[in-house]
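Asker: Right, I'll just put the structure down here and ask away after.
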Amino acid sequence: MKMIKKITLLFFVFSNCFVLFSQEESRIIGNIGKGENQKPIYFEDLSFNIYTESQLYYQQGRSPLTGSLLDVITWKVFEIEYQSRNLEFESIDIELDNYLFGDQARAKAFSYYSEVFGSKIVKDLTRSKLITRKMQELLRFELLEASGKNPTEQDLLDFYVQYQKDAFTVPASYRLGMIELQDPSESEEVEQKLLSGESFEDVASAHSEHFDSARNGGNLGQDMTEAAIKSQLSFASAQILEAEEGSWIGPVSVSASLGQDFFYFFKILNLEKGYEQAFEDVRETILDELTFVEAEPLLMDWVIERLLFHGVQFEYALYDEIYKEALPQAASASEQTEMLNSEGE
């Protein structure tokens with residue numbers, strides 16, 4: 521029954537944000553903590569989304585990652601845990617400045633949203649996100665150690681063997697040269713020049729009607745995998761993938777939507793063959809992946825326990841009503857009654 525109520529609490533948080541989003545800004549929508557340590561949760565707490573590997577941006581009425589109130593509340597929980605361990609906020613503030621101003625796009629976004637909402641709000645929310653990330657990393661390690669569920673060497677090897685072909689194979693990489701033409705007679709001229717031994721680079725510079733191709737001697741300037749070639753150059757992919765490094769193919773004709781024909785020549789400038797990565801080269805990657813998979817349920821259990829411990833409260837809805845909204849549609853009336861029965865713990 522306790523586990524059911526834990527799950528129901530999560531459903532409650534995820535499913536009922538619409539009750540809170542309708543409230544105007546600057547109102548307290550809930551509290552976390554007890555006694556003197558109680559902290560309010562404001563509507564503004566729902567208004568920022570700060571991706572760890574992307575730029576900060578504003579998204580009205582939604583909170584980070586899931587778009588639910590759960591993240592905002594768990595931020596508070598992780599902050600309390602951070603403080604209880606006497607970890608230094610000074611180091612977080614240094615990391616915060618590096619994060620916000622070490623990237624031009626984030627610095628620009630911070631400046632803009634600081635003018636709109638105030639720099640303190642933006643900094644406080646970003647600091648909360650960084651603290652959350654640090655505590656999650658620390659707790660995953662601690663919870664795994666305590667549970668004895670750390671991945672073994674055999675677990676890592678089994679994972680490697682199972683996913684070796686899909687996840688740990690580096691695909692072949694092609695660097696292509698291209699000549700694009702519209703005049704069929706010019707296509708014939710280009711073919712004759714290439715057959716006579718003129719360099720692909722010189723011919724591309726002189727004839728290609730593709731701007732980047734002509735400017736760079738045909739070199740498209742990026743490496744392409746087999747999948748990318750099949751997707752982006754499907755009209756010539758079979759011939760390209762059969763060609764050897766240093767050889768050229770063409771002309772390949774393509775009819776555009778308005779009836780205009782285009783003629784293409786391609787050269788395999790460089791070909792890096794694909795290969796399977798050795799276990800030793802990907803061991804740490806596998807360890808990180810399995811550690812995350814094993815630790816995440818433990819971390820979620822920890823979060824739920826802390827939510828209950830800190831007495832999360834909301835002002836705009838009764839618990840019974842919220843629980844009913846959160847219950848799965850397939851649940852029968854008797855099951856709903858059982859889940860809502862506070863005496864059934």
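To convert a position in the sequence shown, counted from 1, into our numbering, add 520.
Where a beta carbon is used, it is the ideal one built from N, C-alpha and C, also for glycine.
#1: Quick one: what's Tyr619 bridged to in DSSP?
#2: Using 8 Å as the threshold, is the C-beta distance between Val823 and Thr594 below it?
#3: Helix, strand or coil for Asp743, going by three-state DSSP, please let me know.
#4: If we require 4 or more residues per run, which alpha helix (DSSP H) segments fall completely within the region 718–800?
#5: Under DSSP, the alpha helix (DSSP H) around Ser716 begins and ends at which residues?
#6: Do you know offhand how far Glu665's Cα is from Glu657's?
#7: Over the uninterrupted alpha helix (DSSP H) stretch that includes Arg605, give me the two end residues.
#8: As a quick exercise: from Ser648, Asn670, Phe688, pick the residue whose alpha carbon is nearest that of Glu599.
#9: Give a yes or no on whether the C-beta atoms belonging to Met698 and Phe786 are separated by under 8 Å.
#10: What does a CB cutoff of less than 6 Å around Ile749 pick up in its chain, not counting 5 residues either side in sequence?
#11: Considering only DSSP beta bridges, list what Glu708 is partnered with.
#12: Span of the beta strand (DSSP E) holding Gly638?
#13: Less than 8 Å between the CB atoms is what I'm expecting for Phe812 and Tyr680, so what's the real figure, rounded?
#14: Rounded to whole angstroms, how far is the Cβ of Val710 from the Cβ of Val723, which I believe are closer than 8 Å?
#15: Report the partner residues of Arg695 according to the DSSP bridge assignment.
#16: How about Leu791 and Leu676: do their beta carbons lie closer than 8 Å?
#17: Considering Lys669, what are the terminal residues of the alpha helix (DSSP H) in which it resides?
#18: Expressed to the nearest angstrom, what Euclidean distance is found between the alpha-carbon atoms of Arg826 and Gly668?
Answerer: Walking through what the data contain:
#1: Paired residues: none, contrary to the question.
#2: yes
#3: strand
#4: Counting only runs of 4 or more, we get 720–727, 731–735, 746–752, 757–762.
#5: Element bounds for Ser716: n/a, residue is neither H nor E.
#6: Between Glu665 and Glu657, the C-alpha separation is close to 13 Å.
#7: Looking at the DSSP string, Arg605 is not in any alpha helix (DSSP H), and its letter there is neither H nor E.
#8: Ser648
#9: yes
#10: Ser757, Ile760
#11: Paired residues: none, contrary to the question.
#12: Premise fails: Gly638 is in no beta strand (DSSP E) and is neither H nor E.
#13: Not confirmed; about 16 Å, so no contact.
#14: Here Val710 really is in contact with Val723; their C-beta atoms are around 6 Å apart, less than 8 Å.
#15: Note: Arg695 is bridge-paired with Asp743, Asn790 in the DSSP secondary-structure output.
#16: no
#17: From DSSP, Lys669 is part of no alpha helix (DSSP H); its letter is neither H nor E.
#18: Their Cα atoms are separated by approximately 22 Å.
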